[in-house]
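These protein sequences, in sequence, are chains A and B. Numbering-wise, the first sequence is residues 19 to 531 according to the working numbering. Numbering-wise, the second sequence is residues 156 to 335 according to the working numbering. Cβ atoms here follow ideal geometry from the backbone N, Cα and C, with glycine treated the same way. Worksheet: one structure, shown below.
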Amino acid sequence: MDYTPFALDLETLPGAVPVRRAVVNSDKLRSVCTAVHQAGGVLHALWGCDERDRKSGYTLRVALQDAAGLLLLELQMNAAQPCFPTLADIFPAADRMQRATHDLLGLRAQEGDTRPWLRHGSWPADRFPLRRDYAGGGPPAAPQEGYPFVRVTGDGVHEIAVGPVHAGTIEPGHFRFSVVGEKVLRLEERLGYAHKGIEKRFETQPLMQGQRLAARVSGDSAVAFSWAYCMALEGLCGVVPPPRALWLRALCLERERIANHLGDLGALGNDAGFAVGLAQFSRLKEDWLRANQQAFGARYLMDALAPGGIRCDLDEANRRALIENLPPLVAEISTLHEIYDDHAGLQDRFTATGCVPPALARKLGLIGLAGRASGQSWDLRCDHAYAPYDKLAVRMQGGLQGDVAARVAVRFEETLESLRLCQLLLENLPGGELQLSLPPPTGRLGVGWIEGWRGPVLIALEPGEDGLIRRCHPHDPSWQNWPVIEHAVIGNIVPDFPLINKSFNLSYSGHDL
Amino acid sequence: MLRTLKQITRIGIISEPVPLTATERGERDALQEKIRRIYGRALCIRHVDAGSCNGCELEIHALNNPYYNLEGQGIKFVASPRHADLLLVTGPVSRHMQDALRRTYEATPEPKWIIALGDCGCNGGLFGCSYASAGAVSDVIPVDVTVPGCPPTPGAILSGILTVLNTPRAASVQESFHQG
C-alpha cells in the first residue's frame, strides 16, 4: 500500500521479517489506521512504553499488518497527560488492548470502554505497574473489585456465570452468559485471571536469556514465542543464525503445531460426544511427544532455542527415525479424517455451529488458524516467508464457512501440510554450526514475528544499558480472537459453548500476561 | 461405524503397566489398599490452574491418554472441588486467582490432599513473586507434595499422585499452615 499521501518517515528495522517504523501524531495515527483497514490490513498489537527517563513522556506503539509486512506506528505523549485517540472504531480488537494499556501503564484512550481489563483489584487503579518508577514488591492482594457486566433484560432472560475455575482441565477465565432457555443471547468474557506480570518480569531478565520467559508466555506456543524473541534479539544484534539452526527451529515449530493440532482434533471429537476421537488422537499425540523426547531430550521444547541458534541438535539416527515416523502418521490421520467426515452425529454438531462468516471475521480482525477458516488468508510462513520457509513453499490452508467444521478441517489440512514440511526439513537439513555468539545490540528496537500454531505471535524487544531487557512486549493472537468468540456463540445453545470455545482454543495465559 | 470399529480393534488396548520397581510396586499396592480403605475405590482429582502458562495442563491432559490408563488405577479427574479428594494445583498463583484458589480449597471436603505441580507451582518458577504473582502454591494454601518439572512428565505427575497418600501428613498440615 502507498503511504505517500501521509508523508510518513518510514524507517526499516533490521531483521528477518519486514518491519517499517514511523512516528505519527494523533490525527495521522487514525488516518493511517483507517487507510490500512480499508486496504485489507489488520491490527496486530497495541502497547505502550514509559520513556520519561529519556525525557520523551510515553510512547504508544501500534503494529499493523499490510501486504508489505508490519507497519509500526509510534505516537509520543507528554508525561502530564498521556492519552491517545481510540482505534477501537476502526479495529474492534483494539478495545481490550487499549484498556490493558491503561491498566498497566496509565495511557488512556480518549473514547470508548473505560472498564479495567487486566486489573481486577490486585493493585490500585491509580498505580501503574509498567511505569519505571512503580515501587514493585508484593503488596497484599486487595479484594477483587466488582466488574460491571452488561446486563441483558427481558422476559425469561437469566444469567449463567462460569469460572474462573472450570469443570475441565483448562485455564482460568470467567464467562457470563445471558440466555433464554438454552439459547445464548449474549456472552461476555472476563479475562485477566492468569495475569502474572510477565512484561514487568521481562525487565529483570538478562537480554541474552529472555527467550526462556518468552517460551512461557503461553506454554503451548513455546517454540513460536522463543523463536520470535530470538528473532527480535538477532535483529538488534545484526546476526543471522546458521542455516542448520534455522532449519531445526522450523522443525521444532512444525512439531509444536502438529502436537497442538492432534490434541485439538481429539478434544473436538470428545466435546461433540465422540470419545473414540479423543482416545485415538491423544494416542497419536503421545507417540509424537515421545518421539520429541527421543530426538531432542524433551517432550515439550520449552528451552530448545537460544539466541543466535539452537541448543538441541539432531543426530543421524534420530533424523532417520523421525523421517520414518512420518508416513504411518499421515496414514493414521487420513483414516481418522475419514471417520470424522463419515460420522453423521459429529458432523451434525460441527456444521453451522459457532459460525463467523468471512465479512464478520474481517470486520473484527479474526486472525491465525481461526481466521483462515473464515476466509482471512494470512499466514506469515507464506506472506513474508522468513528462513527457512522461503525454501519450503508452504501451502496456506483455509476455508470460508467459519464454523466449527471449518476450523476442524483447517486443522486436518494444516497437520498434513506440516507433516510434509517436516519431511522436507528433515531430508534437506543442512550441516554446520548450531549457534553463533551475539555481539552487543546496536539497534534500539527489535521485532520478532512468527506464525505459531494458533496464529502470528509478536515480540517487540528493547535492550537496556545494563545487559538487561528494557522493555519486552509479547503479543499472542488470542488478543484479537477472544472477542470474536462472543460473536460466534450468539444464537447457539449453551451446551455447544465448550465445542465452540475449543474450536478456537485460545490462550488465557498468552492473553493475560 | 464399521470404520470406527475397525480402527478400535486394529489399535487394541495400548495401556502400559505403571513403570515401577519391585519396592515401588509394593508401595503402590499398599497405596491402592489405602485408597480403597479411605475412599472406597476411587481417588478423585480436581485440577486448578492458578495462573500457569498452560504447559502443565498439556501434560495433565496427556496423563488422561490411553497409555497411562489412569482410571484403571482407580484415579479420575472430576468437575467440582466438592467431588474431589485431591487438588492438583498449577501455578504460579496469580494474585487474581488467590481468592478462587482459597475458595476451591475450602470447597474440597476433608480429608484432602494438595499437590503443587510444576516448577512454578513449587516455587513460583521464572515468574517469581511480584505485584501480580503470589509465587508458590504453598504460600496460599497448604501443600502436601510438590512435583517439579517444566512441565513435569505424565510419569512424574502419576508418581506424585501415587505417593501423595503415602506422605506422612504432619499432624495437621493445615493447622500448622494457618498458624503460619
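Residue-chain proximity (residue i, chain A), Cβ-Cβ < 8 Å
i: B:PRO247; result: yes
i: B:SER314; result: no
i: B:ALA291; result: no
i: B:THR318; result: no
i: B:ARG374; result: Residue 374 of chain B cannot be examined here, being either before or after the span of chain B that is shown, 156 to 335.
i: B:ILE215; result: yes
i: B:CYS126; result: The question about residue 126 of chain B has no answer here: the residues shown for chain B are numbered 156 through 335.
i: B:ASN220; result: yes
i: B:LEU281; result: yes
Residue i burial status per 10 Å Cβ neighbour count (16 or more: buried)
i: A:LEU418; result: exposed
i: B:LEU198; result: buried
i: B:GLU158; result: It should be pointed out that residue 158 of chain B corresponds to Arg in this sequence rather than to Glu. Classification of B:ARG158: exposed, given that the 10 Å Cβ count is below 16.
i: B:LYS231; result: exposed
i: A:PRO511; result: For the sequence presented, residue 511 of chain A should be read as Ile rather than Pro. Classification of A:ILE511: exposed, given that the 10 Å Cβ count is below 16.
i: A:ARG169; result: exposed
i: B:SER327; result: Its pLDDT being 45, under 50, B:SER327 is placed unreliably by the model, and the measurement read from it follows with that caveat. Burial call: exposed.
i: A:GLY291; result: exposed
i: A:LEU444; result: buried
i: A:ARG544; result: Residue coverage of chain A in this structure runs from 19 to 531, which leaves residue 544 of chain A outside it and unanswerable.
i: A:GLU272; result: buried
i: A:ASN288; result: buried
i: B:ILE316; result: buried
i: A:ASP173; result: exposed
i: B:ALA234; result: exposed
i: A:LEU269; result: buried
i: A:ASP20; result: exposed
i: A:GLN394; result: buried
C-beta neighbour in chain B for residue i, strict 8 Å
i: A:GLN247; result: Checking the sequence, you will find Tyr at residue 247 of chain A rather than Gln. False, the Cβ-Cβ gap to chain B never drops below 8 Å.
i: A:ILE188; result: yes
i: A:PRO147; result: yes
i: A:THR353; result: yes
i: A:HIS279; result: no
i: A:ASP238; result: yes
i: A:ARG219; result: yes
i: A:LEU231; result: yes
i: A:ALA242; result: no
i: A:SER527; result: yes
i: A:HIS120; result: no
i: A:SER300; result: yes
i: A:GLU272; result: no
Secondary structure of residue i, DSSP reduced to three states
i: B:LYS267; result: coil
i: A:CYS12; result: For chain A, the structure presents residues 19 to 531; residue 12 of chain A sits outside this window and is missing.
i: B:SER249; result: strand
i: A:LEU78; result: strand
i: A:GLN83; result: strand
i: A:GLY156; result: With a pLDDT of 48 at A:GLY156, under the threshold of 50, the modelled position of this residue cannot be trusted; read the value that follows with caution. If DSSP states are grouped into helix, strand and coil, A:GLY156 belongs with coil.
i: A:ASP68; result: strand
i: A:LEU26; result: coil
i: B:SER314; result: helix
i: A:VAL540; result: Residue 540 of chain A is absent from the structure shown; chain A starts at 19 and stops at 531.
i: A:PHE515; result: helix
i: B:ILE296; result: coil
i: B:ALA325; result: Model confidence at B:ALA325 stands at a pLDDT of 45, short of 50, so the residue's coordinates are unreliable and nothing is read from them.
i: B:SER288; result: strand
i: B:ASN224; result: coil
i: B:ILE166; result: helix
i: A:ARG367; result: helix
i: A:ALA40; result: strand
i: A:GLU189; result: coil
i: A:ASP408; result: helix
i: A:SER196; result: strand
Check: residue i C-beta below 7 Å from any heavy atom of the ligand NAP
i: A:VAL197; result: Looking for the ligand NAP in the displayed structure turns up nothing, as the structure carries no ligands at all.
Residues of the segment 160-173 of chain B in Cβ contact with chain A at a cutoff of 8 Å, in chain order, please. GLN162, ILE163, ILE166, ILE169
Q | Members of the segment 502-523 of chain A that neighbour chain B once the beta carbon cut-off is set at 9 Å | A | none
At a Cβ cut of 7 Å, what residues of the segment 256-274 of chain B count as close to chain A, listed as they run along the chain? THR259
Give the list of continuous beta strand (DSSP E) stretches no shorter than 3 residues that lie fully inside the segment 91-138 of chain A. none
Taking the runs of the alpha helix (DSSP H) that are 4 residues or longer, which of them lie wholly in the segment 411-454 of chain A?
422-445
Problem - Residues in the segment 467-492 of chain A having any Cβ partner in chain B nearer than 8 Å - result: none
| request: With 7 Å as the C-beta to C-beta threshold (strictly closer), list the residues of the segment 127-144 of chain A near chain B in chain order. | output: HIS138, SER140, TRP141
- Can you give me, in chain order, the residues of the segment 317-338 of chain A that have a beta carbon less than 7 Å from any beta carbon in chain B? ARG317, TYR318, MET320
Exercise. Relative to chain A, which residues along the segment 197-210 of chain B have a C-beta separation below 8 Å, given in chain order?
Worked result: HIS202, VAL203, ASP204, ALA205, GLY206, SER207, CYS208, ASN209, GLY210
Q | Near-chain B residues of the segment 380-412 of chain A (beta-carbon distance less than 9 Å), N- to C-terminal order | A | none
Mind pulling the beta strand (DSSP E) runs of 3 or more residues that sit fully within the segment 466-510 of chain A?
-> 474-481, 487-493
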